[in-house]
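Residue numbers (my numbering): 1202 to 1561. We treat Cβ as the ideally placed atom computed from N, Cα and C, and that holds for glycine. Only a predicted model underlies this, so the values are computations on that prediction, with no experimental measurement involved. Have a look at the structure below, then the notes.
Rendered as structure tokens:
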């Protein structure tokens, strides 16, 4: 592990105040416990700092970047204080405050409050990081124009919490078993003009949770074996939802909306396991529309006692009529071009599910 730098349980262990400083090959441990005083293993206040190949243990915060731009954090292992409860009393693994152009890559974080926390951070790239056993694996607040690519968030409360930000690119990440009381693979709350594409969301409470989000693109994601595939509520609008595979979720869609949302593109929609499809032209797109959330789901949302009859022959007849003879449009979601086959090889991820068999 290289040389050991031990803070003795007091304050910050290492502060980088100058520019162009590199810290490499250290084991940094033993900060103070004052979360409000930013007690950290490494406190970065100088521009163009590099923290690489470093192990950080027994600290309140792992790394705090404080108003310094163009930091590089690479190949870092941060083990937070697993014995501190509740989790909200811990510090974050990596805390990014008012930084621009920073890169966080190839790192592992566990047992922090939030794995990587963004506050007023812009143009930050976070890629190929693995985060486990935190409240939120990655947490954005007031942080625009950032990229989150090829990360893994497993066994957290929420995998990726995207909040009050715009212009985010969230691509090719994996979220598995994020399933506590607020458990979401990806939460998009008050998010605008962002791309959420190519992600794998498996065995979470909600694969995607979309709340008051505007004008985002949710495309080409695999949403597999979650309790709810996508929960969309509270005024979310203008979403493009296309090319996703919704496979084996307890409920594919939950939405309390009072209007009809169309989730498909001009040439294709999404794949919904269990949907009734007819492809007469052989182009892979069904000529029969699909209502993953239609009149039945709206009635159950308005009258929860009706849930006992949700799979009854009468309600199945309503669903069939909605697909085949759409005379009255109930609130909810419609996919007018559902895909006949899933565009994802979902079976390679089925082993990640800790529940019953996944439907095909």
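Task: Three-way DSSP call (helix, strand, coil) for residue 1502 in this model - done: Any reading at residue 1502 needs caution, since the residue's pLDDT is 45, under 50, leaving its predicted position unreliable; the model's value is listed next. Correct three-state label for residue 1502: helix.
Task: Alpha carbon of residue 1250 to alpha carbon of residue 1484, nearest angstrom - done: One C-alpha to the other measures close to 53 angstroms.
Task: residue 1301 versus residue 1472 - alpha carbon distance - done: Roughly 38 angstroms separates the two Cα atoms.
Open item on the list: If you measure between the beta carbons of residue 1231 and residue 1207, is that distance less than 8 angstroms?
Closed with: Residue 1207 sits close to residue 1231, with the two beta carbons spaced by under 8 angstroms.
Task: Element boundaries [beta strand (DSSP E), containing residue 1249] - done: For residue 1249, there is no enclosing beta strand (DSSP E), since its DSSP letter is neither H nor E.
TODO: Can you check DSSP and say which residues form a bridge with residue 1420?
DONE: Bridge partners of residue 1420: 1398 and 1443.
TODO: Counting only the same chain and skipping the five closest in sequence on each side, list residues whose C-beta sits under 6 angstroms from that of residue 1268.
DONE: If we look at residue 1268 and ignore the five residues flanking it on each side, its Cβ neighbours are 1299.
- [ ] Please work out which residues of its chain come closer than 8 angstroms, Cβ to Cβ, to residue 1459, disregarding the five sequence neighbours upstream and downstream, and give them in chain order.
- [x] For residue 1459, where only same-chain residues beyond five positions count, the Cβ hits under 8 angstroms are 1532.
Task: Exposure label - residue 1438; buried when at least 16 CB within 10 Å - done: So residue 1438 counts as exposed.
Task: Reference residue 1320, options 1348, 1295, 1307 and 1342, closest by Cα - done: Minimum Cα distance to residue 1320 is reached at 1342.
- [ ] Note down the Cα distance separating residue 1434 from residue 1543, rounded to an integer number of angstroms.
- [x] Whole-angstrom Cα-Cα distance: 25 angstroms.
Task: Selection from 1225, 1329, 1551 and 1310 that minimises the alpha carbon distance to residue 1562 - done: What is shown of the chain runs 1202 to 1561, which leaves residue 1562 out entirely.
Open item on the list: Classify residue 1287: buried if its beta carbon has 16 or more other beta carbons within 10 angstroms, exposed otherwise.
Closed with: For residue 1287, the number of other beta carbons within 10 angstroms of its own is below 16, and it is reported as exposed.
TODO: Return the residue from the list 1262, 1253 and 1488 that minimises the CA-CA distance to residue 1210.
DONE: Selected option, being the one with the closest Cα: 1262.
Task: Which listed residue (1463, 1395 and 1490) has its alpha carbon closest to that of residue 1349 - done: Comparing C-alpha distances from residue 1349 to each of 1463, 1395 and 1490 shows the shortest one belongs to 1395.
TODO: Give me the Cα-Cα distance between residue 1339 and residue 1374, rounded to the nearest whole angstrom.
DONE: Rounded to the nearest whole angstrom, the C-alpha separation of residue 1339 and residue 1374 is 11 angstroms.
Task: Distance, residue 1424 Cα to residue 1539 Cα - done: Distance between the alpha carbons of residue 1539 and residue 1424 is about 15 angstroms.
Task: Option in 1304, 1235 and 1282 with minimal Cα separation from residue 1266 - done: Residue 1304 is the option with its Cα nearest to residue 1266.
TODO: Leaving aside the five residues before and after residue 1504 along the sequence, list all residues of the same chain whose C-beta is less than 7 angstroms from its C-beta, in chain order.
DONE: Low per-residue confidence applies at residue 1504: pLDDT is 42, beneath 50, and the placement is therefore not dependable enough to give any value.
Open item on the list: In whole angstroms, give me the CA-to-CA distance for residue 1346 and residue 1337.
Closed with: Using only the alpha carbons, I get a separation of about 20 angstroms.
Task: Beta-bridge partners of residue 1306, as assigned by DSSP - done: Answer is 1275 and 1328, bridged to residue 1306.
Open item on the list: With H, G and I counted as helix, E and B as strand and the rest as coil, what does DSSP make of residue 1231?
Closed with: DSSP places residue 1231 in coil when its eight states are reduced to three.
Task: Counterpart residues of residue 1264 in DSSP-defined beta bridges - done: DSSP output for residue 1264 lists 1243 and 1295 as bridge partner(s).
- [ ] For my contact list, residue 1387 and residue 1363 are in at a C-beta cut-off of 8 angstroms; report their separation, rounded to the angstrom.
- [x] The Cβ separation is near 7 angstroms, so the contact holds.
- [ ] For the beta strand (DSSP E) holding residue 1434, just list the boundary residues, first then last.
- [x] Note, residue 1434: beta strand (DSSP E), 1429–1434.
Open item on the list: Can you tell me whether residue 1361 is helix, strand or coil according to DSSP?
Closed with: DSSP places residue 1361 in strand when its eight states are reduced to three.
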